[in-house]
Amino acid sequence: MKQHDIEINAIVNNPQAPTFENTIVALEKSGSLLMKVGAPLYNLLSSESNDELQKIAEKISPLTTEHSNSIRLNEKLFTRIKAVNDQKDKLKLTPEQQMLLKDTYDGFARNGANLSDADKATYRELSKEINLLTLQYGQNVLKETNKYSLLITDRALLNGLPADFLDLLASNAKKAGKTGWVLDLKATCYGPFMKYADNRDLRHELYMAYNTKCMLGGEFDNTENVRKIANLRLKIANLLGYKSYADYELVDRMAENKTKVYDLLNKLLAAYKPVAEKEYADVQAYANKKGAYFAVQPWDWSYYSEKLKDEKFAINDEMLKPYFELEHVKKGVFGLASRLYGIKFTKNTKIPVYNPEVDAYDVTDEKGNFLAVLYTDFHPRDGKRAGAWMNDFKPQWMDGKTDSRPQITIVMNFTRPTSTKPALLTYDEVKTFLHEFGHSLHGMLTRCTYQSLSGTAVYRDFVELPSQLMENWASEKEFLDGFAVHYKTGEKIPAELIQKIKDSENFNVAYACIRQLSFCYLDMAWHTIEKPFTGDVISNEKQAMASTQVLPVVANTSMSPTFSHIFSGGYAAGYYSYKWAEVLDADAFSVFAKNGIFDKKTAESFRKNILEKGGTEHPMTLYKRFRGQEPTIDALLRRNGVK
Ligand SMILES: [Zn+2]
């Protein structure tokens with residue numbers, strides 16, 4: 008950080024007039040030592056943490072926050088950046104340089120650098136307030152979730168639950184010093200319970216507890232916080248010159264503005280709603296057949312859907328796992344990249360790794376040129392967090408003739424092999440592998456000048472395209488035939504099984520889409536307000552979601568007080584990006600589907616126009632170069648079988 012400060016001071020105190028080179032590029036290059044140290048630290052905190060590292064992080068974290076704030080608030084530095092930005096039309100910059108200038112300038116301006124001193128003070132006050140409120144909101148959700156528990160002592164009430172799930176409930180009880188089974192509102196309990204529990208009254212009870220969290224008064228109520236956060240965000244947006252918070256957020260997105268977001272949501276709604284209604288009618292008919300003489304309610308939906316799905320497809324993880332031995336899947340996934348992009352992976356044991364389970368590969372292109380180092384880390388361990396992710400230890404950049412290649416890591420939590428069985432993946436895990444590997448291709452194949460624009464440093468509603476695109480191969484017979492063989496018999500995965508995977512993936516897919524859309528509309532409703540909101544939180548929510556209603560509406564329940572994604576996470580006016588990315592990946596894959604899923608020309612175009620380009624140009628420009636037109640929802644509709 009000291010070194011970084013010295014570099015910043017050199018920029019600020021440069022006696023020469025500000026230029027693109029001596030200000031924007033110099034700022035871009037500054038802080039390289041800090042990054043070199045920070046990247047391994049933050050990577051290891053996720054994948055190989057221990058008490059010592061955590062103590063270091065706790066100490067470092069406020070210091071780095073203060074450090075970056077001091078740069079953001081450096082007025083002399085901004086004056087120089089602004090001076091360069093003011094002459095941008097005369098500078099004859101390349102598109103990549105224009106993007107770097109825009110990003111640099113916006114990074115300061117969007118944090119209030121252009122405001123008068125009085126407004127700057129207001130901005131800081133509002134920022135502080137909103138940080139506190141969003142934090143409090145998130146903690147309320149957590150605390151209210153943890154507060155609830157329901158002890159069951161009559162085993163008969165739990166009919167229908169799978170044995171290992173019952174074990175979990177029993178161990179919940181044990182931990183609380185009780186005998187019996189304890190239900191709670193955590194994801195590990197709520198989801199499976201609603202799916203499997205035969206007892207309708209208990210399903211109802213749990214549903215109501217889950218959907219009235221943080222809204223019935225009491226110390227963790229978030230209703231007022233919803234109103235306050237929405238209004239504070241509006242104030243911040245107004246202060247910075249935007250009509251609404253969505254207008255402010257969407258400037259740096261592929262979607263660009265709220266009209267385009269609503270346009271996508273409305274198109275999807277029109278296409279999926281009739282199909283979702285049909286799905287509802289099917290589940291209702293099935294429930295009736297099973298002796299249910301009532302309208303299927305939200306607390307019945309998962310339960311009857313699951314049973315119907317079982318009857319229709321009779322497919323489960325255990326049937327697929329023998330065909331997905333990790334070593335085979337690795338060959339399949341790496342092999343796919345070799346077929347598409349001509350790249351090769353060679354294990355290199357000389358490269359140091361942070362744990363003996365981690366492998367390091369030299370990745371080379373078709374001519375044998377070095378492209379990247381790829382680290383793979385597949386199994387859960389103490390000190391590794393849950394989930395799966397891709398990250399870099401070092402980004403790619405160029406300086407003159409030097410092309411400094413990246414070091415990329417993909418980390419997963421797949422069941423490890425035992426003494427009698429190799430590591431066998433579920434179908435979802437195969438998709439996860441492809442997903443993270445897709446991000447890593449974005450990181451490895453990149454060719455940019457500036458590291459802050461290279462690899463996966465793209466707009467948030469664009470970053471999931473390379474990863475989700477790869478998932479499309481998972482159910483392609485031609486791809487699976489290359490590696491998915493039974494680990495004992497060597498027999499190829501049967502074609503009927505692949506077809507079943509495809510069909511079962513589309514089961515109730517329209518309802519799932521409509522549900523996602525309802526969250527998108529709710530998010531947009533709270534962030535497109537142009538006047539402070541003083542009305543009733545619940546009725547505003549019901550109104551925002553009305554067009555997406557397929558299941559009966561349950562009075563006195565609400566999502567807004569527990570919608571952490573948008574009220575305490577980073578998805579404000581951004582929830583739509585899940586759907587946006589899905590539309591993109593289906594649309595992009597349709598080109599492969601048409602030309603052949605291993606077609607080199609299509610792959611080459613995807614590589615040149617998208618994977619190599621990082622965030623150096625607007626994503627719609629890049630996408631259109633690959634696709635020849637803007638994306639449409641048609642390919643997604645076809646994939647989902649709704650058209
Ligand atoms: Zn991803």
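Numbered by the numbering used here, the letters in the sequence shown go through residues 8 to 650 in order.
We put the CB at the ideal spot given by N, CA and C, even for glycine.
Which residues mark the beginning and the end of the alpha helix (DSSP H) in which residue 417 is found? Against the sequence shown, residue 417 aligns to sequence position 410. Membership of residue 417 in any alpha helix (DSSP H) is not indicated; the residue belongs instead to the beta strand (DSSP E) covering 414-418.
Within 8 Å of any Cβ in chain C, is that where the Cβ of residue 414 sits? No chain C appears in this structure, which consists of one protein chain only.
Inside the segment 572-643 only - alpha helix (DSSP H) runs reaching at least 4 residues: Listed in chain order, the complete alpha helix (DSSP H) runs (minimum 4 residues) inside the segment 572-643 are 584-602, 607-613, 626-634.
Quick check on residue 102: buried or exposed, where buried means 16 or more other Cβ atoms within 10 Å of its Cβ? Taking the first residue of the sequence shown as position 1, residue 102 is located at position 95. Residue burial is scored here from C-beta neighbours: residue 102 has fewer than 16 other C-beta atoms within 10 angstroms and is therefore classed as exposed.
Could you tell me which of 623, 593, 612 sits nearest to residue 403, measuring between CA atoms? For the purposes of this step, residue 403 is taken as the residue at position 396 of the sequence shown. The option with the nearest alpha carbon to residue 403 is 623.
Do three or more CB pairs link the segment 349-362 to the segment 371-389 at distances below 8 Å? Between the segment 349-362 and the segment 371-389 there are three or more C-beta pairs closer than 8 Å, enough to call the two in contact.
Does the distance from the CB of residue 440 to the CB of residue 419 come in under 8 Å? Stepping through the sequence shown from its first residue, residue 440 is reached at position 433. Stepping through the sequence shown from its first residue, residue 419 is reached at position 412. Yes, these two residues count as a Cβ contact at 8 Å.
Counted within 10 angstroms of its Cβ, other Cβ atoms place residue 436 as buried (16 or more) or exposed: Counted from its first residue, the sequence shown places residue 436 at position 429. Residue 436 counts as buried, since no fewer than 16 other beta carbons sit within 10 angstroms of its beta carbon.
Alpha carbon to alpha carbon, how far is residue 452 from residue 474? Give it in angstroms, no decimals. In the sequence shown, counting from the first residue as 1, residue 474 sits at position 467. In the sequence shown, counting from the first residue as 1, residue 452 sits at position 445. So the two alpha carbons sit approximately 13 Å from each other.
Start and end of the alpha helix (DSSP H) containing residue 88? For this step, residue 88 is matched to residue 81 along the sequence shown. Per DSSP, residue 88 belongs to the alpha helix (DSSP H) from 82-93.
Residue 378 versus residue 124: straight-line alpha-carbon distance, rounded: Position 371 of the sequence shown, counted from the first residue, corresponds to residue 378. Position 117 of the sequence shown, counted from the first residue, corresponds to residue 124. Just so you know, the alpha carbons of residue 378 and residue 124 end up roughly 48 Å apart.
When every heavy atom of ligand 1 is checked, does at least one fall within less than 7 Å of the C-beta of residue 471? Stepping through the sequence shown from its first residue, residue 471 is reached at position 464. Indeed, a heavy atom of ligand 1 lies less than 7 Å from the Cβ.
Compare the Cα-Cα distances from residue 233 to each of 222, 464, 253 and report the closest residue. For the purposes of this step, residue 233 is taken as the residue at position 226 of the sequence shown. Looking at the Cα atoms, 222 is the closest of the given residues.
Is residue 449 near ligand 1, in the sense that its beta carbon is under 7 Å from a heavy atom of that ligand? Working through the sequence shown from its first residue, we reach residue 449 at position 442. If you check the C-beta of residue 449 against ligand 1, you find no heavy atom less than 7 Å away.
What is the rounded straight-line gap between the Cα of residue 383 and the Cα of residue 366? The residue labelled residue 383 in the question sits at position 376 within the sequence shown. The residue labelled residue 366 in the question sits at position 359 within the sequence shown. Going by the C-alpha atoms only, they are around 5 Å apart.
Please tell me whether residue 315 and residue 290 are closer than 8 Å, where the distance is taken between their beta carbons. On the sequence shown, position 308 is the one that residue 315 refers to. On the sequence shown, position 283 is the one that residue 290 refers to. Yes. Within cutoff.
For residue 153 and residue 251, I'd like the C-alpha separation in whole angstroms. Mapped onto the sequence shown, residue 153 falls at position 146. Mapped onto the sequence shown, residue 251 falls at position 244. Roughly 35 Å between the two C-alpha positions.
Which class does residue 15 belong to by DSSP, given the choice of helix, strand or coil? In the sequence shown, the residue the question calls residue 15 occupies position 8. If DSSP states are grouped into helix, strand and coil, residue 15 belongs with the helices.
Is residue 53 near ligand 1, going by C-beta to nearest heavy atom under 7 Å? For the purposes of this step, residue 53 is taken as the residue at position 46 of the sequence shown. No, ligand 1 has no heavy atom inside 7 Å of this Cβ.
Quick one: grab the DSSP three-state call for residue 526. Residue mapping note: residue 526 aligns to position 519 of the sequence shown, counting from 1. Secondary structure at residue 526: helix, using DSSP grouped into helix, strand and coil.
By the three-class DSSP mapping on this structure, what secondary structure does residue 67 have? Your numbering for residue 67 matches position 60 in the sequence shown. Helix at residue 67.
Just mark residue 652 as buried or exposed, buried being the case when its beta carbon has 16 or more other beta carbons within 10 Å. The question about residue 652 has no answer here: the residues shown for the chain are numbered 8 through 650.
When the distance is taken between beta carbons, is residue 22 closer than 8 Å to residue 90? In the sequence shown, residue 90 corresponds to position 83, counting from 1. In the sequence shown, residue 22 corresponds to position 15, counting from 1. No; because the gap between Cβ atoms is not below 8 Å, this pair is not in contact.
If residue 472 and residue 595 are in contact, beta carbons under 8 Å, what's the gap, nearest whole angstrom? Locating residue 472 in the sequence shown gives position 465, where the first residue counts as 1. Locating residue 595 in the sequence shown gives position 588, where the first residue counts as 1. Here residue 472 really is in contact with residue 595; their C-beta atoms are around 6 Å apart, less than 8 Å.
Relative to ligand 1, is the shortest distance from any of its heavy atoms to the C-beta of residue 525 smaller than 7 Å? Taking the sequence shown and counting its residues from 1, the one referred to as residue 525 is at position 518. In this structure, ligand 1 has no non-hydrogen atom nearer than 7 Å to the beta-carbon of residue 525.
Helix, strand or coil for residue 156 per DSSP? Within the sequence shown, the letter at position 149 stands for residue 156. Three-state result, residue 156: coil.
Other residues of its chain near residue 527: CB distance less than 7 Å, five sequence neighbours each side excluded: One-based indexing of the sequence shown puts residue 527 at position 520. Only 272, 582, 583, 586 meet the Cβ criterion.
Going by the CB atoms, is the gap between residue 11 and residue 705 shorter than 8 Å? A query on residue 705 cannot be resolved here, the shown segment of the chain reaching from 8 to 650 and no further.
Under DSSP, the beta strand (DSSP E) around residue 379 begins and ends at which residues? For the purposes of this step, residue 379 is taken as residue 372 along the sequence shown, with counting starting at 1. Membership of residue 379 in the beta strand (DSSP E) is indicated by the continuous run 377-384.
Whether residue 88 touches residue 280 by CB criterion (8 Å): Counted from its first residue, the sequence shown places residue 88 at position 81. Counted from its first residue, the sequence shown places residue 280 at position 273. Result no, Cβ atoms of residue 88 and residue 280 do not sit closer than 8 Å.
Heavy atom of ligand 1 less than 7 Å from the Cβ of residue 575, yes or no? As a first step, residue 575 is located in the sequence shown; it is residue number 568 there, counting from the start. Incorrect: residue 575 has no Cβ contact closer than 7 Å to ligand 1.
Could you give the residue range of the alpha helix (DSSP H) that holds residue 272? Reading the sequence shown from its first residue, position 265 is the one you call residue 272. Residue 272 -> alpha helix (DSSP H) spans 265-296.
Is the separation between the beta-carbon of residue 18 and that of residue 40 shorter than 8 Å? Sequence index remark: in the sequence shown, residue 18 carries index 11 (1-based). Sequence index remark: in the sequence shown, residue 40 carries index 33 (1-based). Not in contact: residue 18 and residue 40 (Cβ atoms no closer than 8 Å).
I'd like to confirm something about residue 68: is its beta-carbon nearer than 7 Å to some heavy atom of ligand 1, or not? Within the sequence shown, numbered from 1, the residue matching residue 68 stands at position 61. Every heavy atom of ligand 1 is 7 Å or more from the Cβ of residue 68, so no.
Touch test, the segment 621-637 against the segment 570-579, Cβ-Cβ under 8 Å, three pairs minimum: Touching, no.
Can you list, in chain order, the residues of its chain with a C-beta nearer than 6 Å to that of residue 591? Leave out the 5 residues immediately preceding and following it. For the purposes of this step, residue 591 is identified with residue 584 of the sequence shown, where counting begins at 1. These residues qualify, in order along the chain: 472, 638.
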